[in-house]
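> Residues 0 to 681 in numbering that gives the first Met the number 0 are what the first sequence lists, from first letter to last. The beta-carbon is built from N, C-alpha and C at its ideal position, and this holds for glycine as well.
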Amino acid sequence: MLKSLIKKDLQECWEALEYEYSDNYYVEVPKNPEHGDFSTNAALANAKNNRLKPLDMAAQIVELLKKKRHYKSVSIAGNGFINFVLANNRYHKTLIDIFEAGDKYGQSEYGEGKKVLIEFVSANPTGPLNVVNARAAAYGDTLYKIMNYAGFKAKREYYINDSGNQVDVLAESLELRYREILGEDIGELPPGTYQGEYVKDLALKLRAKEGTKIMHYSEADKLEKMKEFALEEIHEMQYSSLEKFGVEFDSWVSEKMLRSQGVIEEVLSYLAEANCTYESEEAVWFASSKYGDEKDRVLMKSDGEITYFVPDLAYHLTKYHRGFDHIIDVLGPDHHGYVPRLTAAMRALQFDETKLEIIFLQQVNLFEGGEKVKMSKRTGNIITMDELIDEVGVDAARYFFLEKKPSAHLNFDLELAKKESSENPVYYCQYAHARICSVMKRAKKEKVNLKDFNTKDLTRLKSAEEIALIKKMVEFPELLVSASVAREPHRLAFYTYDLATLFHRYYQKYQVLNSARPELSKARLYLLTAVKETLAIALNLMGITAPESMYKSATKKKTETAAQKAKVESTEKKGSIYQKNDYDGKDDYSQINDGKDDDLIDDDDENDDDEVEVKTKKAAPKPKTKSGIAKAAGLIEKNTKTNKPEPKKDSKSTKKADSKTDKKEKSEPKKPKATKKEKKDK
RNA sequence: GCGCCAGUGGCUCAGUGGAUAGAGCAACGGCCUUCUAAGCCGUAGGUCAGAGGUUCGAAUCCUCUCUGGCGUGCCA
């Protein structure tokens with residue numbers, strides 16, 4: 000807001016001086032406070048096109064700006080920068096705005112209500128969540144929060160690969176462990192199986208639940224039963240890890256559900272229609288190299304099974320179909336080779352690939368005692384997300400993950416986080432908040448309050464430290480916008496730290512409450528109220544608690560459990576969102592595998608189906624999709640929608656019209672084999 | 001080989017084409033009779049991997065080289 004004030008003034012200058020100007024300049028808060036409150040390179044950037052020396056141009060501008068009253072000073076730096084110092088009352092006015100915004104401070108309309116889907120974590124349901132998943136959880140959740148705060152309408156989604164080869168292997172692994180606990184010598188586990196301890200735990204749990212009767216099943220039934228059991232258990236495990244971490248999702252999408260809606264055939268037929276598939280060596284290929292991928296990819300293997308790519312593509316089509324303006328996938332570092340084929344498919348099917356944005360989080364290395372903790376997926380020797388949280392606490396873990404920009408590898412020093420957690424930067428930020436709360440408690444005790452405070456007394460705030468705090472808070476809204484746009488929540492972590500530093504410095508130097516000077520005390524209290532609110536907002540956006548008090552005497556563990564408790568409580572309060580739906584019945588999940596109802600979505604009201612489809616149809620710009628994907632999209636959408644207890648809207652007219660088209664589409668037979676006809680031998 | 005990500009004090013990391021490259025940790029030296037010392041102040045530590053280029057100006061943009069991680073499956 001203050002920057003735009005300066006920009007406006009600069010424009011007036013150029014117009015008055017009749018100079019050419021472009022907006023390729025900036026107004027910024029200089030790193031060095033000696034360079035003023037704000038500075039601009041405007042003269043440097045625009046001197047050339049007016050055939051002037053930067054210094055001369057700057058001099059003329061400064062001459063004009065000096066007449067404005069809201070500047071305390073306007074000056075030229077040696078090389079042509081113009082530095083501004085604003086009058087204090089300008090800051091005092093801004094402080095009032097911040098104070099009055101309260102817990103809404105920093106919110107903006109920047110995103111214009113654009114619908115954004117953020118998919119993150121989406122770990123395979125074959126084991127506990129690991130530290131990379133934890134990073135993704137912290138990242139995705141915070142990105143979601145700041146984007147919503149910046150005016151987007153973001154949703155969080157988790158895709159479950161509960162179908163395919165890896166879950167079959169999971170069942171086999173469980174079967175082996177099961178036989179082992181029954182006393183059989185299974186020898187060494189074959190390579191490729193899941194070897195983690197958790198599989199043994201699953202086996203024990205299964206025996207406790209089912210006894211040994213399962214061993215009398217046919218081989219296929221046995222494995223099916225085990226798969227079902229393992230998926231359910233592991234899903235619960237992952238779910239509870241995320242819950243503990245304070246991360247919720249608006250929707251969970253099951254690959255199995257997608258498949259049951261016929262999306263496989265549909266996707267294959269689309270690709271065939273787009274004339275980009277062919278058969279070779281008994282397999283069906285996607286000619287992705289025609290669309291920018293480095294080589295063609297297999298869609299259907301020679302054994303008749305499809306590759307994971309097909310349902311994944313279908314899943315992405317449902318994202319389009321659900322009418323999002325923008326789609327963000329947060330992927331692990333080992334998936335970047337996968338993107339070209341995905342975008343190739345979008346291109347081939349004429350979907351707007353610019354809507355799809357892939358963000359890669361780089362890997363996480365754990366260090367202990369200066370040495371890298373070796374983890375091996377093969378032997379199952381991994382540190383889980385739960386273990387990490389138990390070790391360092393939710394707040395610290397979230398901060399550590401958020402502190403790094405997504406594209407950077409993250410070295411997480413466990414020992415530091417454990418042993419010296421009291422020096423952890425997250426405590427530094429939280430402590431600033433707690434200190435202010437402490438001052439407020441004291442103020443209450445001394446009956447100092449802001450009820451009869453006259454904001455004119457804010458003129459008493461004139462120390463450099465006080466103005467610095469206001470200046471920092473002024474940056475907050477635009478910081479959130481830039482963090483959203485750049486998809487870099489780590490900027491928020493740094494901001495919070497900086498604001499805390501300014502506060503600690505101020506607190507150290509000045510006594511806030513001083514009975515001899517009641518007006519000054521109130522003005523300072525007013526300022527600190529705004530600072531406290533800003534810190535709390537920032538911390539909450541990162542999923543970190545803003546404690547009212549922190550005492551050194553409290554042991555590390557006490558502080559953490561308290562923080563965790565607070566977290567859990569807050570989750571419970573607003574919670575219920577999806578639990579009610581998908582997970583209020585874990586049974587829902589178990590139903591997945593009974594062959595009847597292959598989805599996660601509690602489909603209790605048949606009439607809803609149509610209505611939902613109506614909605615999604617309306618939302619979809621290009622109904623390229625046919626019934627399977629449309630239906631799946633509808634189911635997901637419905638699931639998402641019903642997460643929020645909203646009164647159902649009645650849209651009869653559109654409903655009729657659309658269900659007609661829907662029927663028409665449905666009656667069109669799917670031709671999965673069409674792809675095979677599409678022979679393009681090389 | 002090709003592709004993606006990275007390379008900034010001893011360590012972990014910030015850094016919109018701008019001014020003398022910044023924090024934290026570790027090291028060293030100070031500050032508690034005053035609202036929480038989980039704090040503050042100070043000292044030391046740098047050829048921004050290297051070489052060219054673009055321009056008023058480069059850690060930042062372009063090219064090449066080097067180093068590390070990942071990818072390059074009819075795995076997911």
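1. Let's test the definition: count the other Cβ atoms within 10 Å of the Cβ of G186 and tell me whether it reaches 16, buried, or not, exposed.
2. So is G584 buried or exposed if we call it buried at 16+ other beta carbons inside 10 Å?
3. Just the C-alpha distance for C428 and P405, rounded to the nearest angstrom, thanks.
4. How should S121 be labelled, buried or exposed, when 16 other C-beta atoms within 10 angstroms of its C-beta is the threshold for buried?
5. Just to confirm the assignment: which complete alpha helix (DSSP H) runs, minimum length 4, are found wholly within the stretch 332-385?
6. Could you check whether the stretch 343-352 touches the stretch 285-293, counting it as contact only if at least three pairs of C-beta atoms, one from each stretch, sit closer than 8 Å?
7. For R178, I'd like the list of residues in its chain whose CB is within less than 7 Å of its CB, leaving aside the five on either flank, ordered along the chain.
8. Which of the three DSSP states is assigned to C428 in this structure?
9. Whose CA, out of K450, V438, F411, L479, lies closest to the CA of Q682?
10. Between F399 and the ligand MN, is the CB less than 7 Å from at least one heavy atom?
11. Taking C-alpha atoms, which residue in K255, Y319, A41, D36 lies nearest to Y158?
12. Roughly how many angstroms separate the alpha carbons of V266 and Y25, rounded to a whole number?
13. Using a Cβ-Cβ cut-off of 6 Å (strictly less than) and excluding sequence neighbours within five positions of Y430, which residues of its own chain qualify?
14. Specify the secondary structure class of R258 as computed by DSSP and reduced to three states.
15. Got a sec, what are the start and stop residues for the beta strand (DSSP E) D328 sits in?
16. Considering only C-alpha positions, which residue in the set I382, D249, E232 is nearest to L116?
17. Identify which residue in S259, I305, K294 has its Cα closest to the Cα of E281.
18. Per DSSP, what kind of secondary structure is I543 in: helix, strand or coil?
19. Contact check, D456 vs K521 under 8 Å by CB: the rounded distance?
20. Please confirm whether F37 and F83 have their CB atoms less than 8 Å apart.
21. With DSSP as the reference, identify every bridge partner of Y158, one or two as the case may be.
22. Figure out for me which residue from P332, N513, A313, M299 has the closest Cα to the Cα of N448.
23. Where does K114 fall in DSSP's three states?
24. Can you tell me which of the three DSSP states K243 falls into?
25. Name the DSSP beta bridge partners of V297, please?
26. Nearest-angstrom Cα distance between D311 and D167?
27. For T125, report the span of its alpha helix (DSSP H) as first-last.
28. Y148: buried (16+ other C-beta within 10 angstroms of its C-beta) or exposed?
29. Just mark R176 as buried or exposed, buried being the case when its beta carbon has 16 or more other beta carbons within 10 Å.
30. So what's N78 in DSSP terms, helix, strand or just coil?
31. Pairing CB atoms from the stretch 457-472 with CB atoms from the stretch 87-95, are three or more of them under 8 Å?
32. With DSSP as the reference, identify every bridge partner of D412, one or two as the case may be.
33. Can you tell me the Cα-Cα spacing of S240 and Y269, whole angstroms?
34. By Cβ distance, which residues of its chain are closer than 8 Å to P339, with the 5 residues on each side in sequence left out?
35. Of the residues I543, V309, E465, which one's Cα is nearest the Cα of F399?
36. Where does T192 sit, in a helix, a strand or coil, going by DSSP?
So, to answer that:
1. Taking all protein chains shown into account, G186 has fewer than 16 neighbouring C-beta atoms within 10 Å of its C-beta and is therefore exposed.
2. Note that G584 scores 29 on pLDDT, short of 50, meaning its location in the model is unreliable and no value can be drawn from it.
3. Whole-angstrom Cα-Cα distance: 21 Å.
4. buried
5. Counting whole runs of 4 or more residues, the stretch 332-385 contains the alpha helix (DSSP H) stretches 338-347.
6. Yes, the stretch 343-352 touches the stretch 285-293.
7. I185
8. helix
9. Here the chain comprises residues numbered 0 to 681, so residue 682 is not present and cannot be evaluated.
10. Ligands are entirely absent from the displayed structure, and the ligand MN is therefore not among its contents.
11. K255
12. 48 Å
13. M549
14. Shown here, R258 sits in a helix according to DSSP, grouped into three states.
15. 325-330
16. Between L116 and the set I382, D249, E232, the nearest pair of CA atoms involves D249.
17. I305
18. Judged by DSSP in its simplified three-state form, I543 adopts coil rather than helix or strand.
19. 6 Å
20. yes
21. V252
22. N513
23. strand
24. helix
25. W284
26. 18 Å
27. For T125, no alpha helix (DSSP H) encloses it, and the DSSP letter there is neither H nor E.
28. buried
29. buried
30. coil
31. yes
32. F366
33. 38 Å
34. Same-chain partners within the cutoff: S287, G291, D292, E293.
35. I543
36. coil
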